[in-house]
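Novice:
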Amino acid sequence: MNRRSVMSRYALRVTSIAAALGLWQLLTSANVDLWLRFSQFPTVTDVARAFAGRLAGDDYWTDLTDSLTRILTGFLLAAVLGVATGVLVARSRLAEDLLGTVLEVVRPIPAIALVPVAILLFPDNEQGIVFITCTAAFFPVLVSTRHAVRALTPVWEEAVRTMGGGRWRILGSVVLPGALPGIFGGLSVGIGVSWICVISAEMISGQYGVGYRTWQDYTVVDYPGVFVGMVTIGVLGWLTSTAVELAGRRLTRWLPRTSYVAGVRPPRGERGAAARTPVPAGSRAEEEVPKTHDQFV
Amino acid sequence: MTSSSDVRSLSRSGAGLALRGVTLGRPGAPVLDGVDLDVAPGEIITVVGPSGCGKSTLLRTLAGLLTPLGGEVIEDGRPLAGPAADRALIFQEDALLPWRTLRANVELPLAIRGVPRSERRAQAEEWLARVGLAEHARHLPHRVSGGQRQRAQLARALAARPRAVLMDEPFGALDAQTRAGMQDLLVQVLRGTGATVVFVTHDVDEALFLGDRVALLGDGHLLAVRDVPRPRDRTAHDDPARVTLRRAVLASLGT
């Protein structure tokens, strides 16, 4: 894809956000009260003003770093534990018998329902919140790792065994790299669930943190403040899941991405030009695929 | 070529493999029964038989991936204990690790043997050049053709300088032209390595072209082992000895 069409895609994305904000501003400033009541809603300008005020203060940044520390600690712990447990359960019958049932019984319990457990277990609120965040992300990572490891092509392992590779070599050279695409599927889901749980846990039991602040603002009827919190959560969530996504793409570059639907089709203007100048279909596809591939990696 | 003399000086003698009254398959449902076979060091023995006759099972047993139900598998007079680096296995299916470049794939057995990085890189590149893949060394497997992937597998198997190479219909999925090229390449690359080769195929002509001897499998047994006349010549279809042998082989396989 050429630079112009990349620009036009970004332009589209920005336009869609602008349109959403425009609609919001329109509905609230006109005090539309049909069945949905927008008259009580803060306008975009109210929220922006409140946001600017918060950004100038110290509390906002403390909230931000607190929430980020909690989610990153919880999520990284979950990633390590989830991958390790997933591999163990998928590769060892003994581990499956020992852990499988327990994990399956604990899995359906929503992490946020573990608040009482966290309060009983941990001496400190902070650790409780990290515990809840970690549990939330742990299960998606565990389940996708387990599936990915079980779905590995058997000849890969046989090949390494006939090269004289042992258990650890197979783990490092076949199991982990081969399961990586699946593991990243779990990490992507995990980071999303982590945000839900860290915010909920902060609302219930936090001191500082974006969730705590949002709830505080609600109790003192500071609606613009509530929206500042929501926007903050949205942006942070988007940034962290994008980071996970990018890391995943980078580490699984080897995956054959033959037809990336959005990229391979030339934009309208070019399609006309392509039709006029005959280009062999094969060479065209070969030229385009690696380029789009690079772009999305 | 200096590199080929390097190979000769570094090569070890081929492994002698033997099966003594070996029974293979699942308990209660043996695929092959009572197989006695001696494979001499450095020889190329081809194994032919209809699909499902236990060719692959036999090969995986020689590789040490499967244990026989009965009997003994022997390497150089000692019973086999699991897979080892001195017996390389080449698969029909694509067994290259897709996240490693061709070079990194060829380096893998060397890394397992503990060859230092720079040395194994050089060796891997040399082997890739030998199978005609020098310019594809940095490509991922999915970027090259099926024939090229099989050549890379061959390079990966031979780079570790195994004493025996076990090949499971390695060219079975390739078109006829590529297959003939691969057979020539195999003969050329094996020359001087001294490795013992067990080559499984369902293609009688391939078996007769490559093998010093041909082992025939069928009806759950090893039917016969035949010497193949030499020199190797793909075009010698009317050579009387070869015609007779081919006819005999086809007859005993019941085709």
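From first to last, the protein sequence lines are chains A and B. The first sequence begins at 1 in our numbering and counts up one residue at a time. The second sequence begins at 1001 in our numbering and counts up one residue at a time. Think of the CB as a built atom: it goes at the ideal place given N, C-alpha and C, for glycine as much as any other residue.
Out of F138/A, I119/A, L246/A and P108/A, which has the shortest C-alpha to C-alpha gap to G82/A?
Specialist: Counting from 1 along the first sequence, the entry for residue 82/A is found at position 82. With distances taken between Cα atoms, G82/A lies closest to F138/A.
Novice: Can you find a CB in chain A that lies within less than 9 Å of the CB of I1045/B?
Specialist: Locating residue 1045/B in the second sequence gives position 45, where the first residue counts as 1. It does not: the Cβ of I1045/B has no partner Cβ on chain A nearer than 9 Å.
Novice: Let me check one thing: in DSSP terms, what residues is P1044/B bridge-paired to?
Specialist: Here the question's residue 1044/B lines up with position 44 in the second sequence. The question names Pro, yet the displayed sequence has Ile at residue 1044/B. DSSP lists V1197/B as partners of I1044/B.
Novice: Among E1135/B, A1224/B, E1169/B and V1047/B, which has the Cα closest to the Cα of Q1090/B?
Specialist: In the second sequence, counting from the first residue as 1, residue 1090/B sits at position 90. For clarity, residue 1090/B is Ile in the given sequence; the question names Gln instead. Cα-wise, what sits closest to I1090/B is E1169/B.
Novice: Measuring CB atoms only, is the stretch 1030-1048 of chain B touching the stretch 1195-1212 of chain B, in the sense that at least three cross pairs come out at less than 8 Å?
Specialist: Touching, yes, given that three or more Cβ pairs across the two stretches are closer than 8 Å.
Novice: Can you confirm whether A1152/B, when its beta carbon is compared against all beta carbons of chain A, has any partner nearer than 9 Å?
Specialist: Mapped onto the second sequence, residue 1152/B falls at position 152. Cβ-Cβ to chain A under 9 Å: no for A1152/B.
Novice: Note down, in chain order, each residue of its chain lying with its Cβ closer than 7 Å to the Cβ of R265/A, except the 5 sequence neighbours on either side.
Specialist: Numbered from 1 along the first sequence, position 265 holds the residue referred to as residue 265/A. Per-residue confidence for R265/A stands at a pLDDT of 49, beneath the threshold of 50, marking its modelled position as unreliable; the derived number appears in the next sentence. Nothing listed; no residue qualifies.
Novice: Considering just the uninterrupted stretch of the alpha helix (DSSP H) at V1214/B, what are its terminal residues?
Specialist: Taking the second sequence and counting its residues from 1, the one referred to as residue 1214/B is at position 214. Counting along the chain, V1214/B falls outside any alpha helix (DSSP H), though it belongs to the beta strand (DSSP E) covering R1213 to G1218.
Novice: Let me know if E1206/B comes out buried or exposed under the rule of 16 or more other beta-carbons within 10 Å of its beta-carbon.
Specialist: Counting from 1 along the second sequence, the entry for residue 1206/B is found at position 206. When all chains shown are included, E1206/B counts as buried.
Novice: For Q40/A, which residues of its own chain have a beta-carbon under 8 Å away from its beta-carbon, when the five flanking residues on both sides are left out?
Specialist: Within the first sequence, numbered from 1, the residue matching residue 40/A stands at position 40. Answer for Q40/A: Y223, listed in chain order.
Novice: Just to confirm, is the Cβ distance from A1088/B to L1158/B under 9 Å?
Specialist: The residue you call residue 1088/B lines up with position 88 of the second sequence. The residue you call residue 1158/B lines up with position 158 of the second sequence. Contact: yes.
Novice: Give me the DSSP bridge partner(s) of I1167/B.
Specialist: Here residue 1167/B refers to the residue found at position 167 when the second sequence is read from its first residue. Note that residue 1167/B is Met in the sequence shown, not Ile. Beta-bridge pairing links M1167/B to I1090/B and F1199/B.
Novice: Please classify T232/A: does DSSP put it in a helix, a strand, or coil?
Specialist: By 1-based counting over the first sequence, the position of residue 232/A is 232. Looking at T232/A - three-state DSSP - the assignment turns out to be helix.
Novice: Could you tell me whether the Cβ atoms of G86/A and A148/A are closer together than 9 Å?
Specialist: Here the question's residue 86/A lines up with position 86 in the first sequence. Here the question's residue 148/A lines up with position 148 in the first sequence. It is a contact, given that the beta carbons lie within the stated cut-off.
Novice: When DSSP labels each residue in this structure, what does R1226/B get in the three-state scheme?
Specialist: Position 226 of the second sequence holds residue 1226/B. Note: R1226/B maps to strand in three-state DSSP.
Novice: Any contact of the stretch 55-71 of chain A with the stretch 199-219 of chain A, i.e. 3+ C-beta pairs under 8 Å?
Specialist: The answer is yes - the stretch 199-219 of chain A touches the stretch 55-71 of chain A, with three or more Cβ pairs under 8 Å.
Novice: Against chain B, does G165/A count as a neighbour if the rule is that its beta carbon must be under 9 Å from one of theirs?
Specialist: For this step, residue 165/A is matched to residue 165 along the first sequence. Yes, because at least one Cβ of chain B sits closer than 9 Å to the Cβ of G165/A.
Novice: Would you kindly check if the distance between the Cβ of L1062/B and the Cβ of A1173/B is under 9 Å?
Specialist: Position 173 of the second sequence, counted from the first residue, corresponds to residue 1173/B. Position 62 of the second sequence, counted from the first residue, corresponds to residue 1062/B. In this structure, L1062/B does not lie closer than 9 Å to A1173/B by Cβ.
Novice: Please check the pair T252/A and P181/A, which I expect to be a contact at CB under 8 Å, by giving their CB distance rounded to whole angstroms.
Specialist: The residue given as residue 252/A occupies position 252 in the first sequence. The residue given as residue 181/A occupies position 181 in the first sequence. Between P181/A and T252/A the Cβ distance is about 5 Å, and since that is below 8 Å, they are a contact.
Novice: What does the alpha-carbon distance come out to for the pair L76/A and R1191/B?
Specialist: In the first sequence, residue 76/A corresponds to position 76, counting from 1. In the second sequence, residue 1191/B corresponds to position 191, counting from 1. Roughly 53 Å separates the two Cα atoms.
Novice: Would T1196/B be called buried (16 or more neighbouring beta carbons within 10 Å of its own) or exposed?
Specialist: Here residue 1196/B refers to the residue found at position 196 of the second sequence. The residue in question, T1196/B, is buried, as its Cβ has 16 or more Cβ neighbours within 10 Å.
Novice: For the beta strand (DSSP E) holding I112/A, just list the boundary residues, first then last.
Specialist: Position 112 of the first sequence, counted from the start, is the residue given in the question as residue 112/A. Counting along the chain, I112/A falls outside any beta strand (DSSP E), and DSSP gives it neither H nor E.
Novice: For V297/A, which residues of its own chain have a beta-carbon under 8 Å away from its beta-carbon, when the five flanking residues on both sides are left out?
Specialist: One-based indexing of the first sequence puts residue 297/A at position 297. In this prediction, V297/A scores a pLDDT of 34, lower than 50, which makes its location untrustworthy; no coordinate-derived value is stated.
Novice: Using a beta-carbon distance below 9 Å, is W1099/B in contact with chain A?
Specialist: Here residue 1099/B is taken as the residue at index 99 of the second sequence, counted from 1. W1099/B counts as touching chain A.
Novice: Do V1189/B and R1138/B have their beta-carbon atoms positioned less than 9 Å apart in this structure?
Specialist: Here residue 1138/B corresponds to residue number 138 of the second sequence, with the count starting at 1. Here residue 1189/B corresponds to residue number 189 of the second sequence, with the count starting at 1. Cβ distance not < 9 Å, so R1138/B and V1189/B don't count as in contact.
Novice: With a Cβ-Cβ cutoff of 9 Å, do R1149/B and A1124/B count as a contact?
Specialist: Sequence index remark: in the second sequence, residue 1149/B carries index 149 (1-based). Sequence index remark: in the second sequence, residue 1124/B carries index 124 (1-based). No, the pair does not count as a contact, with Cβ atoms beyond the cut-off.
Novice: Alpha carbon to alpha carbon, how far is A1241/B from G1052/B?
Specialist: Taking the first residue of the second sequence as 1, we reach residue 1241/B at position 241. Taking the first residue of the second sequence as 1, we reach residue 1052/B at position 52. Cα-Cα distance, rounded: 29 Å.
Novice: By the three-class DSSP mapping on this structure, what secondary structure does D66/A have?
Specialist: As a position in the first sequence, residue 66/A is number 66, starting the count at 1. D66/A: helix per DSSP, three-state reduction.
Novice: Under 8 Å Cβ to Cβ from P1098/B, same chain only, skipping five residues before and after it: list those, please.
Specialist: Position 98 of the second sequence, counted from the first residue, corresponds to residue 1098/B. Hits under 8 Å: L1140, P1141 and H1142.
Novice: So which residues on chain B does W156/A lean against when the C-beta distance must stay under 7 Å?
Specialist: Translated into positions along the first sequence, residue 156/A becomes position 156. Per Cβ cutoff of 7 Å: A1095 and L1097.
Novice: Within the same chain, show all residues whose beta-carbon is closer than 8 Å to that of R1060/B, passing over the 5 residues directly before and after it, in chain order.
Specialist: Locating residue 1060/B in the second sequence gives position 60, where the first residue counts as 1. L1066, L1089 and D1168, listed in sequence order.
Novice: Hey, is E270/A's beta-carbon within less than 9 Å of any beta-carbon in chain B?
Specialist: Residue mapping note: residue 270/A aligns to position 270 of the first sequence, counting from 1. Its pLDDT being 46, under 50, E270/A is placed unreliably by the model, and the measurement read from it follows with that caveat. Judged by the 9 Å Cβ criterion, E270/A is not in contact with chain B.
Novice: Between the stretch 1135-1151 of chain B and chain A, which residues of the former have CB atoms less than 7 Å from a CB of the latter, in chain order?
Specialist: From the stretch 1135-1151 of chain B, only L1140 and H1142 have a Cβ closer than 7 Å to chain A.
Novice: Hey, could you find the ends of the beta strand (DSSP E) G1070/B is sitting in?
Specialist: Within the second sequence, numbered from 1, the residue matching residue 1070/B stands at position 70. It spans G1070 to E1075 - the beta strand (DSSP E) in which G1070/B sits, taken as one unbroken run.
Novice: Going by the DSSP bridge assignment, what does T240/A pair with across the sheet?
Specialist: For the purposes of this step, residue 240/A is taken as residue 240 along the first sequence, with counting starting at 1. Answer is none; T240/A lacks a bridge partner.
Novice: Roughly how many whole angstroms lie between the Cα atoms of R1120/B and R1247/B?
Specialist: Sequence index remark: in the second sequence, residue 1120/B carries index 120 (1-based). Sequence index remark: in the second sequence, residue 1247/B carries index 247 (1-based). Roughly 46 Å separates the two Cα atoms.
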